[in-house]
Amino acid sequence: MKSNLLPPINRYPETEAFWDAANDNRLMLRHCPACQETSWYPRTHCPLCGAEKTEWLQASGRGSIYSFSIVRAARRPTAAAVVALPEGPSMTAVVVDSDVHAMRIGDPVDLRFLQA
Ligand SMILES: [Zn+2]
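Taking the working numbering, I'd label the letters of the sequence shown as residues 3 to 118.
1) Just the C-alpha distance for N1 and R114, rounded to the nearest angstrom, thanks.
2) With respect to the alpha helix (DSSP H) encompassing F20, which residues constitute its N-terminal and C-terminal limits?
3) By DSSP, does P110 sit in helix, in strand, or in coil?
4) Pull up the distance between the alpha-carbon of T56 and that of Y14, whole angstroms please.
5) Please determine, among Y43, C37, Q117, S62, the residue with the shortest C-alpha to C-alpha distance to L50.
6) Run the Cβ filter for me: residues under 6 Å from any heavy atom of ligand 1, listed in the order they occur in the chain.
7) According to the neighbour-count rule (16 or more other Cβ atoms, all chains shown, within 10 Å of its Cβ), is S5 buried or exposed?
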């Protein structure tokens, strides 16, 4: 079953490709040809050098735990984490389908978009 992750609001032309890819469970980042850096989240310009021309780059969908905090308020504990992407940037995420009490810094994770 295909999910529909498009948000009802905040759908801007500059993020449309991101949401289209997210609906196919793919993460898109922005790559800057001027400084060769990759950034997260989608913006119309490079946040690192200010260049106005950036390109979409499909991320590998893999990452590693940079830091995390266990959230025990849920019925089943989850973890709010900062995930380091091999493409360069880091992003926040929720770790699911994992024993968060056994989780360690540096553990590999795979991306999966969840429908809210
Ligand atoms: Zn740049």
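Glycine included, every Cβ here is placed at the ideal spot set by N, Cα and C. Quick caveat: nothing in here was measured; it's all calculated off a predicted structure.
This is what the structure holds:
1) Residue 1 falls outside the range modelled here, since the chain spans only 3 to 118, and no answer is possible.
2) 18 to 24
3) strand
4) 16 Å
5) C37
6) C34, A36, C37, E39, C48, L50, C51, A53
7) Here the model assigns S5 a pLDDT of 46, short of 50, so the residue's position is not dependable, and the following value carries that caveat. Classification of S5: exposed, given that the 10 Å Cβ count is below 16.
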